[in-house]
Each structure stands twice: as C-alpha cells, then as structure tokens.
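Down below is the structure, laid out as structure tokens.
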Amino acid sequence: MSDDLNAFREEARAWIADNFPPSLAGRGVGMEEAGDSLGSDLEVWRERLASRGWGAPTWPREYGGGGFSHPQARIINEELSAARAFNHIPLVTGMGITMVGPTVLEYGTEDQKQRHLPGIADGTVRWCLGLSEPNAGSDLAGLSTRAEDKGDHFVLNGQKIWTSGANISQWCGAVVRTDPKVAKRDGISFVMLPMDQPGVETRPIRLIAGASPFCETFFNDAIAEKRDLLGKLNDGWSVVKRLLQHERQSQTGQRGAASGARPTPVQELAKQYVGTNDDGTLADPDLRLRLANHLMDAKAHGLTIARITAEAKGKVEVSAAASILKNSATIVAQTRAELMVELMGAQGLGWEGSAFKDHELSAVREWLGGKAMSIYGGSFEIQNNIISKNILGLPETTQKG
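Residue numbering for the sequence shown follows the numbering used here, starting at 444 and increasing by one per position.
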C-alpha cells in the first residue's frame with residue numbers, strides 16, 4: 444500500500460475515534476425506532492458522516508460526495524468495521540446510494556444532479572423504485588403503468604409492487620410506458636416523482652418472516668415533472684438496465700461497513716450447539732463437511748470480489764459480472780441461514796418468548812427472509828440468462844420484445 448493510502452488510513456482511523464458516538468458501537472443499523480438517546484446520537488453520526496462526504500465517498504464533492512478513490516472508500520469501510528462503527532447513510536436513503544444516485548450520475552442532467560444527489564449523499568432523502576408490476580415481474584418490459592404527456596409534466600396511472608420502502612420514501616424512480624404503439628422495450632421511459640402527492644398511494648406487504656420493506660404502490664393521476672425524466676424519452680429500458688446492474692453490484696457483499704455488529708462465526712456457534720469431539724472437531728461429521736464447504740464458498744466469494752476490484756486497478760466498474768456475484772452471494776447467504784437453523788435444532792425455530800435468545804429468534808427470520816434473495820434484484824434464473832448471453836456468449840433463447 445502506498446504512503447498516501449497509509450496516511451489516509453491513519454487519518455480515517457483518528458477521525459472515527461474522535462467522532463463516532465460510543466453508544467452506537469456494535470449496534471448496527473436500522474435504528475429509526477431507537478430511543479431518544481440513541482436516536483439523537485444516530486442523527487449526530489449521520490451529520491458527521493455527511494460532513495465528510497462518507498455517505499457516498501466516491502461521488503464528486505459538488506454533489507455531496509467525498510471525491511475519494513475506490514481504494515480510499517475501501518479503507519473507510521475497513522476502519523469503520525474495525526472500530527465497530529457503521530455507515531448509516533446508505534440504508535436510510537433506501538435505493539438512493541446504491542441504485543438511483545449512480546444512475547443519475549450517468550444519465551442525469553446537471554440540474555437533476557444538483558437537485559437530487561446532495562439529499563441522497565447526506566442521508567436526508569430516501570428513494571424507492573417503481574419497477575415490478577403484478578403482471579410484469581421477470582418480464583419487466585411488459586409493464587403497463589402509463590405516463591401521459593401533458594406538456595410540462597406526465598400524468599401516471601398504474602400499479603407497482605415490491606416497491607421497497609415506498610411508504611417511508613420521499614421520492615420514487617419509476618419505469619413507465621410513454622408510447623404504447625411501439626415494441627414494448629422501445630416505449631418505456633424512466634421518470635422521478637415525489638411520493639408526497641395525492642396521486643400516490645402505498646400499502647405495506649407483510650411477509651412470512653414478519654415485517655418487510657415491501658409495498659404495493661398505486662399511481663392515480665400522479666404527477667412527474669418533465670424535468671425529472673431521466674435519460675431520453677422512450678429510452679427508459681437502457682436506463683433501467685444500467686440501474687439494475689448497480690442493484691446487483693450492491694447485492695454482492697460490497698456494500699461496506701453497514702453494520703458495527705460482529706456476528707459470531709457460524710463454525711463457533713456449531714460447536715456450541717452440536718458439541719465437539721475430544722480433538723476439538725465438530726461432533727457431527729456430515730454437518731462438519733457441509734459447514735466446511737460453506738466456509739470455502741464464502742471465502743471464494745470474498746476473494747473473487749477482491750480480485751475483481753484489484754484487476755480494475757481501484758476503479759470498480761459495474762458490468763454483467765455483477766450477475767455472477769449476485770448469484771454467488773445468494774448461495775452463500777442462503778446456505779449459511781439453512782445451516783444456522785439446522786445446527787441450533789429446536790432453538791433455531793423459535794418465533795418469540797423468553798426461552799429463545801435474540802440471535803436464535805433472528806436466525807429463523809433470516810432463514811425465511813433470505814428466501815427472497817433468489818427473486819429480488821432479478822431472479823436467480825434471470826442472472827443465469829445474463830451470464831449465458833453477456834459473458835459466455837451463448838445465443839439468445841428468451842423472448843425478445
């Protein structure tokens with residue numbers, strides 16, 4: 444590592460030590476419902492992160508980012524993790540940091556960048572995305588939500604589903620049909636619209652794992668200003684494809700120090716619940732083998748991310764390779780959840796009550812909630828199609844629209 448990066452690491456470490464509220468150490472994120480004391484500290488920490496541009500460290504400074512290189516951003520995440528701290532801003536912005544922001548940086552006008560990016564970067568504006576519909580899931584190009592041109596604005600009518608965080612978001616990026624007379628992929632546009640308006644209604648969806656971020660969203664004469672058309676009219680398919688690449692990139696395990704909590708390694712939990720032989724090995728040989736395979740898969744996934752980053756010489760490019768890593772991350776996470784529930788036995792199936800510890804109660808929820816990983820962000824099968832066509836060069840076999 445260069446002297447400049449070593450100096451940057453020391454500076455970041457010292458700043459975290461001076462500014463991270465000790466009350467938040469190891470507590471992680473998702474603390475919007477924290478008590479007054481922790482909630483106040485969390486807001487102070489958000490403001491301090493924003494003042495350094497750490498909410499979006501690689502974005503340009505003029506848009507609220509830090510203007511840092513990718514190696515510097517990686518150092519920030521490493522030092523946050525080492526201090527049991529976390530970067531709260533990517534989560535409180537919903538889809539802002541990971542998806543909307545990077546896409547606006549590529550496709551947005553200067554006016555759009557100035558109006559939308561600073562609020563994302565400092566964690567004060569939360570975004571959701573109106574993509575899937577009841578009859579347009581994997582075949583997103585089959586969407587039917589309409590946007591009628593009214594001169595200086597569009598009027599939207601239709602329904603979206605699985606819009607994560609829609610009920611608590613201030614803005615939405617939506618794909619809509621602006622020309623029904625052409626091939627379905629050619630008549631789509633991407634618009635941005637405020638959620639706080641009479642024409643938008645959201646209904647939360649409860650999932651088997653308990654509370655969920657998902658909502659149904661209804662547009663009933665909702666308004667999207669013409670100046671918030673992202674990209675060219677009727678070229679929204681290009682915009683949303685790029686946005687989904689950013690989504691897959693965010694689901695590969697590269698999001699950084701989102702949590703200060705350090706979970707107990709699964710192999711150590713296995714020893715606690717299953718027991719060990721006299722030589723210290725796990726008592727159940729079949730579980731031991733499957734656990735070892737999982738740990739190797741997890742290590743290989745992490746090393747692959749590190750290799751891709753290194754080969755990019757510090758400038759991480761979002762490409763079809765994100766589909767490989769998205770599927771790999773899904774396999775690793777789901778396998779870990781399955782193993783956790785299995786090794787805990789009956790203690791891994793508790794839903795409530797004093798008979799179960801907190802990590803036991805969370806294990807079954809993570810196991811159930813993790814099933815969605817194979818679907819959201821583009822299903823496992825969709826990623827395999829992308830890999831086959833864009834990486835392996837195999838012929839197109841899916842329906843073209």
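We treat Cβ as the ideally placed atom computed from N, Cα and C, and that holds for glycine.
Item to check | For R845, three-class secondary structure by DSSP | outcome: Because the chain is modelled from 444 through 844, residue 845 falls outside the range shown and cannot be assessed.
Checklist entry - Who does W810 pair with in a DSSP beta bridge? => result For the purposes of this step, residue 810 is taken as the residue at position 367 of the sequence shown. Partner(s): none; W810 has no beta bridge.
Next on the checklist: If distances are taken between C-alpha atoms only, which option among E824, V784 and K814 comes closest to S805?
Outcome noted: For this step, residue 805 is matched to residue 362 along the sequence shown. Minimum Cα distance to S805 is reached at V784.
Checklist entry - Quick one: what does DSSP say M816 is sitting in, helix, strand or coil? => result If you number the sequence shown from 1, residue 816 lands on position 373. Three-state DSSP puts M816 in a helix.
Checklist entry - To the nearest angstrom, how far is it from the Cα of N578 to the Cα of V619? => result Along the sequence shown, one-based indexing puts residue 578 at 135. Along the sequence shown, one-based indexing puts residue 619 at 176. Straight-line Cα distance between these residues: approximately 14 Å.
Next on the checklist: Quick check: what's the CA-CA separation for T541 versus D592?
Outcome noted: One-based indexing of the sequence shown puts residue 541 at position 98. One-based indexing of the sequence shown puts residue 592 at position 149. Looking at the two C-alpha atoms, the distance is approximately 30 Å.
Checklist entry - Closest to Q613 by CA distance: which of R517, D729, E644 and P838 is it? => result Stepping through the sequence shown from its first residue, residue 613 is reached at position 170. Looking at the Cα atoms, E644 is the closest of the given residues.
Checklist entry - On the three-pair Cβ rule with 8 Å, is the region 763–778 touching the region 732–742? => result yes
Item to check | Straight-line Cα distance separating G616 from M672 | outcome: For the purposes of this step, residue 672 is identified with residue 229 of the sequence shown, where counting begins at 1. For the purposes of this step, residue 616 is identified with residue 173 of the sequence shown, where counting begins at 1. In the sequence as presented, Met is not what sits at residue 672; that position holds Leu. Their Cα atoms are separated by approximately 10 Å.
Checklist entry - How do the region 548–561 and the region 598–607 stand: do at least 3 beta-carbon pairs fall below 8 Å, yes or no? => result no
Checklist entry - Counting along the chain, where does the beta strand (DSSP E) carrying H596 start and finish? => result The residue given as residue 596 occupies position 153 in the sequence shown. Run containing H596: H596 to I604, per the beta strand (DSSP E) assignment.
Next on the checklist: Strictly by DSSP, which residues pair up with T536?
Outcome noted: Counting from one through the sequence shown, the residue named residue 536 turns up at place 93. In DSSP, T536 forms no bridge with anything.
Checklist entry - Pick from F657, L837 and G510: whose alpha carbon is nearest that of G812? => result If you number the sequence shown from 1, residue 812 lands on position 369. G812 has its Cα closest to that of F657, out of F657, L837 and G510.
Checklist entry - Does the region 521–530 come close enough to the region 569–588 that 3 or more CB-CB pairs lie under 8 Å? => result no
Next on the checklist: Quick check on the burial criterion: 16 or more other C-beta atoms within 10 angstroms. Buried or exposed for N827?
Outcome noted: Within the sequence shown, the letter at position 384 stands for residue 827. Answer is exposed; the Cβ neighbour count stays below 16.
Item to check | Beta-carbon spacing of K669, D554 below 8 Å | outcome: Position 226 of the sequence shown holds residue 669. Position 111 of the sequence shown holds residue 554. Result no, Cβ atoms of K669 and D554 do not sit closer than 8 Å.
Checklist entry - What alpha helix (DSSP H) runs, 4 residues minimum, are completely inside the region 479–565? => result 479–495, 513–525, 532–535, 544–550 and 553–564
Checklist entry - Does DSSP put H463 in a helix, in a strand, or in coil? => result Residue mapping note: residue 463 aligns to position 20 of the sequence shown, counting from 1. A small fix is needed here, since residue 463 is Phe in this sequence, not His. Reduced to three states, the DSSP call for F463 is coil.
Next on the checklist: Based on DSSP bridge pairs, tell me the residues matched to M635.
Outcome noted: Against the sequence shown, residue 635 aligns to sequence position 192. Answer is G616, bridged to M635.
Item to check | P465 versus D722, E453, S483 and R452, residue with shortest Cα-Cα distance | outcome: One-based indexing of the sequence shown puts residue 465 at position 22. Ranking D722, E453, S483 and R452 by Cα distance to P465 puts S483 first.
Next on the checklist: Which same chain residues end up closer than 6 Å to E476 when comparing Cβ atoms and leaving out the 5 residues on each side of it in sequence?
Outcome noted: Locating residue 476 in the sequence shown gives position 33, counting from the first residue. Caution applies to E476, whose pLDDT of 46 falls short of 50 and renders its modelled position unreliable; the model cannot decide the point.
Checklist entry - Alpha carbon to alpha carbon, how far is M816 from S822? => result Your numbering for residue 816 matches position 373 in the sequence shown. Your numbering for residue 822 matches position 379 in the sequence shown. Cα to Cα, M816 sits roughly 8 Å from S822.
Item to check | S445 burial status per 10 Å Cβ neighbour count (16 or more: buried) | outcome: For the purposes of this step, residue 445 is taken as residue 2 along the sequence shown, with counting starting at 1. It is exposed - the Cβ of S445 has fewer than 16 other Cβ atoms within 10 Å.
Checklist entry - If you draw a straight line from the alpha carbon of R589 to that of I519, how long is it in whole angstroms? => result For the purposes of this step, residue 589 is identified with residue 146 of the sequence shown, where counting begins at 1. For the purposes of this step, residue 519 is identified with residue 76 of the sequence shown, where counting begins at 1. Their backbone Cα atoms lie some 43 Å apart in a straight line.
Checklist entry - DSSP puts G573 in a beta bridge; with which residues? => result Indexing the sequence shown from 1 puts residue 573 at position 130. Paired residue(s): A617.
Checklist entry - What residues in its chain sit with their C-beta under 8 Å from that of F511, if we drop five residues either side in the sequence? => result Stepping through the sequence shown from its first residue, residue 511 is reached at position 68. These residues qualify, in order along the chain: G496, P500, T501 and I519.
Next on the checklist: Strictly by DSSP, which residues pair up with D678?
Outcome noted: Here residue 678 is taken as the residue at index 235 of the sequence shown, counted from 1. Paired residues: I631.
Next on the checklist: Just list the residues that DSSP pairs L873 with in beta bridges.
Outcome noted: Because the chain here runs from 444 to 844, residue 873 falls outside it and cannot be looked at.
Checklist entry - Is there contact here, the region 674–682 with the region 632–640, by at least three beta-carbon pairs under 8 Å? => result yes
Checklist entry - Sorted by chain position, which residues of the same chain lie with C-beta nearer than 7 Å to R452's C-beta, five sequence neighbours on each side aside? => result On the sequence shown, position 9 is the one that residue 452 refers to. Cβ neighbours of R452 beyond the five flanking positions: I518 and E522.
Item to check | Top-ranked residue by Cα proximity to V683, from E576, T546, D729 and I767 | outcome: Taking the first residue of the sequence shown as position 1, residue 683 is located at position 240. Nearest of E576, T546, D729 and I767 to V683, Cα basis: T546.
Checklist entry - Helix, strand or coil: how does DSSP classify A579 here? => result Counted from its first residue, the sequence shown places residue 579 at position 136. Reduced to three states, the DSSP call for A579 is strand.
Item to check | Residue closest to E505, alpha-carbon to alpha-carbon, out of A772, P623 and D565 | outcome: For the purposes of this step, residue 505 is taken as residue 62 along the sequence shown, with counting starting at 1. That would be D565, whose Cα lies nearest to the Cα of E505.
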